[in-house]
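Here is the structure we will look at, set down as structure tokens.
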Ligand code: SF4
């Protein structure tokens, strides 16, 4: 297995709660139950931050990169 480390950041203040990311990749994204904006699923959160995740497997990183392209307001940022 190839291991990579990719950071994903959601600019939650500009999320429209459209659900595209969580519908497409529920393993990584979910709507926050209180404000309905997208957040990182707990397992992948970086230091407990709901807006930042650290992906360590190639599959997870690829999935996240694909979903980032689908966000209609382009607020999912990928950092290698
Ligand atoms: S796809 Fe973008 S705008 Fe839609 S819920 Fe996800 S982060 Fe928010």
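In the numbering used here, the protein residues as written are 60 to 139. Cβ coordinates follow ideal geometry from the N, Cα and C atoms, glycine included.
Does DSSP put residue 93 in a helix, in a strand, or in coil? Here DSSP, grouped into helix, strand and coil, assigns residue 93 to coil.
Cβ shell of residue 68 (< 6 Å), same chain only, five flanking positions each side left out: Result list for residue 68: 111, 136, in chain order.
Determine the direct distance from the alpha carbon of residue 93 to that of residue 123, and round the result to whole angstroms. Roughly 23 Å between the two C-alpha positions.
What do you reckon, is the C-beta of residue 121 under 7 Å from a heavy atom of ligand 1? No - ligand 1 has no heavy atom lying nearer than 7 Å to the Cβ of residue 121.
May I ask you to list the residues that DSSP assigns as paired with residue 108? The bridge partners DSSP lists for residue 108 are 105.
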